[in-house]
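So for the sequence shown, our numbering puts the first residue at 22; every next one is plus one.
First up is the structure itself, then whatever we jot down about it.
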Amino acid sequence: MELLTGRFEDPERAWLGTLVAAVLAIAAAAVAFPERFYYGFVWRYFWGPVYADAKSAVCAVHDPATGQTVLDPATGCNPADAYVAEPGYTLVSEVGYMVVLVFMLVGVYFLLRRLDLEPYRDFFYALVPWMLFGGALRVVEDAFDATPAGVDPAITYPLNVLIISPIIYFTVFVLALGALLASMRLQRAGYTDTYHYPLGAIGAGILAITAGYLTFLAMTTDYVGWHPLILVTVVGLATLIAGGVYLALERWSPATNSGTGLIGAVVVWAHAIDGVANVLASDWTWVFGLAGYGSKHPIDRILSGILTSVQPASVTAMVGDSWLFLVVKIAVAVLIVSLFDDRFMDESPRYAVMLLGAVVAVGLGPGTRDMIRVTLGI
């Protein structure tokens, strides 16, 4: 295949050279400055949170004085003169992952350029089941975390790292790329007229298997619950919001939708799923008889703090303090859709669809995870 045998062009060689140079520089700095650089930066903000999550720990603490790393120390998660990593994201890690995402998108662009993926809009729709699969797969690890003492989860450390954010994005990408290459081979062999259908079908199939496994756990174990009304509520509200926004734009600002069409509605829907799931998990689980879930979004925590400082306490008691996150998510999604006008979509369809796919993934992935984990009460 041209993907494997074609010669690299200058921009591709520059990208690969930059990747290799960055990896070598980070590795060299980690070896030269293990405490300051590796534990103080790489481990503290990137690997440590993944490690603590994989071990189902509240925190991981590295003591520079002894060189030891301890999970959930008896002294607590805030010792002096030590590096502490907790599951989840921080502003530093989110910025770092954003930089990595932008850089890797360039590599994905070069990859897509080597493949004949037209029509690109159909390629976008075929990827949607894969994005849903990523969120559902992450919940599998949440279910493993909920496993009581004496019960061994199906996957343990270090393999469970592959289904923990953000590494799970790489895992899903590799699986989707394999499915894409297999689908293209089926098309070339004459088994299908287009690669879009098998690519989407494979994604839908492994999504169904993952959802079936989670449903099996819910039906056969005591540590995984079953609250389907939450799933219906999140999907229903997100669909109403996305549909309402799309129709409103069609009437009062048709130019916003003219470039992306229904793809724009999918973008808004993906971030509506994330926003609604986050609001419900933070402020409204009591309606379904569940305890509240803390937000894993640093930005949401910042917005909640701002809202709490200006919103009357009586209003907060009624509607909560997470609704601003949903509003911001929808507003940003609409703004992004507006940037992809007819000219952009016509002149750079490959680049446009790649960016829109990334935008959907960063909303639908975590949103699906929050929605399903609350549905399962884990």
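Beta carbons are placed, not taken as given, at the ideal position from N, Cα and C, and that holds for glycine.
What you are looking at is a predicted structure, and each value in this text was computed from that prediction instead of being measured.
Using the beta-carbon count (16 or more within 10 Å), is residue i buried or exposed?
i      : result
Thr39  : exposed
Gly97  : exposed
Asp31  : exposed
Leu201 : buried
Asn181 : buried
Glu139 : exposed
Leu37  : exposed
Thr254 : buried
Tyr59  : buried
Ser335 : exposed
Val172 : exposed
Tyr141 : buried
Trp290 : buried
Trp273 : exposed
Phe191 : exposed
Gly155 : buried
Met339 : exposed
Asn278 : buried
Gly386 : buried
Tyr212 : exposed
Asp214 : exposed
Gly341 : buried
Glu56  : exposed
Met22  : With a pLDDT of only 47 at Met22, under 50, the local geometry of the prediction cannot be trusted, and the value read off the model is given with reservation. Exposed, because fewer than 16 other Cβ atoms sit within 10 Å of the Cβ of Met22.
Val3   : The structure shown does not extend to residue 3, since the chain is modelled only from 22 through 399, so no value can be given for it.
Helix, strand or coil: which one does DSSP assign to residue i?
i      : result
Asp84  : strand
Gly310 : coil
Glu23  : Per-residue confidence for Glu23 stands at a pLDDT of 48, beneath the threshold of 50, marking its modelled position as unreliable; the derived number appears in the next sentence. It is helical.
Thr254 : helix
Asp173 : coil
Gly264 : helix
Thr39  : helix
Pro55  : helix
Ala373 : helix
Gln208 : helix
Ser303 : helix
His248 : coil
Gly61  : helix
Pro275 : helix
Phe361 : coil
Met392 : helix
Thr236 : helix
Thr242 : coil
Thr281 : coil
Going by Cα to Cα distance, which pick from the options is closest to residue i?
i      : options                           : result
Ala352 : Gly285, Tyr59, Leu328 and Glu139  : Gly285
Ala101 : Ala86, Ser114 and Arg159          : Ala86
Arg252 : Pro275, Asn278, Asp391 and Val193 : Per the sequence shown, the amino acid found at residue 252 is Leu instead of Arg. Closest option to Leu252, Cα to Cα, is Asp391.
Ala379 : Ala293, Val123 and Leu270         : Val123
Ser186 : Arg209, Pro70 and Ala42           : Pro70
Pro370 : Arg134, Arg159 and Ile327         : Arg134
Thr389 : Leu360, Ala293 and Ala354         : Ala293
Leu324 : Gly313, Leu345 and Leu158         : Leu345
Ala312 : Gly282, Val355 and Gly398         : Gly398
Leu126 : Val395, Gly384 and Val374         : Val374
Val160 : Tyr212, Gly221 and Gly246         : Gly246
Thr90  : Asp163, Thr242 and Ala106         : Ala106
Trp151 : Tyr104, Ile223 and Ala164         : Ile223
Tyr66  : His83, Val297, Val79 and Val113   : Val113
Pro169 : Tyr130, Thr242, Leu148 and Val121 : Thr242
Asp137 : Pro179, Asp84, Gly117 and Tyr216  : Tyr216
Leu250 : Arg34, Leu301 and Gly384          : Leu301
With respect to 7 Å, is the separation between the Cβ of residue i and the closest non-hydrogen atom of the ligand COA below this value?
i      : result
Glu107 : Of ligands this structure carries none, so the ligand COA is not represented either.
At 3 residues or longer, what runs of the beta strand (DSSP E) sit wholly inside the region 77-158? 81-84, 89-92 and 104-106
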